[in-house]
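Heads up: the sequence shown begins at 6 in the working numbering, then just goes up one per residue. Encoded as structure tokens, the structure appears first; notes follow it.
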Amino acid sequence: MARLVDNPELAFRLARAIISDVALYNQDKVKEGIKNDNLFEVLKEELQEGRDHFYSRVSPDLANRDHLYERAIVDVMVKQAGKIESSIW
Numbered sequence: 006m007a008r009l010v011d012n013p014e015l016a017f018r019l020a021r022a023i024i025s026d027v028a029l030y031n032q033d034k035v036k037e038g039i040k041n042d043n044l045f046e047v048l049k050e051e052l053q054e055g056r057d058h059f060y061s062r063v064s065p066d067l068a069n070r071d072h073l074y075e076r077a078i079v080d081v082m083v084k085q086a087g088k089i090e091s092s093i094w
């Protein structure tokens, strides 16, 4: 079995990579979710699948493990969607 990531920087990089894949393979859903201010509802299954994968690779003892994944969503998916028209901007 592979060793679990216990370094916060590496865990954050992993989270960003996972979220990048979610965004890449679901571009239409990202646009729809940003435009209609329901991103987390539209991508609920995909984000949960990504979270499950992240948890399977990162030590449960890592402080702020949940926060790292959530921060990656904002950094990768939300911030980069700033050019999409939305009432939330």
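Even for Gly, the Cβ is constructed at its ideal location relative to N, Cα and C.
Pair within 8 Å by beta-carbon distance, residue i and residue j
i          : j           : result
alanine 7  : tyrosine 74 : no
leucine 67 : alanine 16  : yes
valine 63  : leucine 9   : yes
Member of the options whose CA lies at the smallest distance from the CA of residue i
i             : options                       : result
isoleucine 78 : Lys36, Gln32 and Ile23        : Ile23
valine 47     : Asp57, Gly55 and Asn31        : Asn31
arginine 18   : Lys49, Gln85, Lys84 and Phe59 : Phe59
valine 83     : Gln53, Ser25, Pro13 and Glu54 : Ser25
glutamine 85  : Val35, Ser61, Asn12 and Arg56 : Val35
Residues sharing a beta bridge with residue i, DSSP
i         : result
valine 63 : Val10
At least three beta-carbon pairs within less than 8 Å, the region 63-71 to the region 32-47 = No: fewer than three Cβ pairs fall under 8 Å.
Whole runs of the alpha helix (DSSP H) within the region 22-64, excluding any shorter than 4 residues | Qualifying alpha helix (DSSP H) stretches, in chain order: 32-40, 44-47 and 49-62.
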